[in-house]
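With UniProt numbering, the residue at position 34 of the sequence shown is 34, and numbering never jumps.
Everything on this sheet refers to the single structure shown next.
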Amino acid sequence: MAAQLERLRIYFVTWNVATKYPVQDLHQLLNVTCGNLKSLPDIYFIGLQEVKAQPQNMVLDIFFQEDPWTKSFRQVFARLSQ
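This is the structure:
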């Protein structure tokens, strides 16, 4: 088990999104490219600052189950598992 812990790769990223919705490709932010798929981190920690947290957005998230940022990150990770 100790040998496994030595190889744990963790990727931390924080990003001030300035209340914008995701419009750009998140692959570069997550350091995910076709050439490095074998060396991807085991764990990602993603912190977003200034996400739109207005009451109307929270209500919409309840009905649609997912905010746009979470949905965009999930799409990137879903493509990796295919």
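Quick reminder that beta carbons are idealized off the backbone N, C-alpha and C, glycines included.
Beta-ladder partner(s) of residue i, from DSSP
i	result
T19	Partner(s): none; T19 has no beta bridge.
Q49	N16
I43	I10
When the options are compared against residue i, the one with the closest alpha-carbon
i	options	result
K20	S39, A53 and I43	A53
I46	T33, L26 and E6	L26
Cβ distance (whole Å) where residue i is taken to contact residue j below 8 Å
i	j	result
I10	P41	6 Å
V17	E50	6 Å
L60	W15	In fact, because the Cβ distance is near 22 Å, the residues do not count as touching under 8 Å.
The region 11-29 / the region 61-77 touching (three or more Cβ pairs under 8 Å): yes
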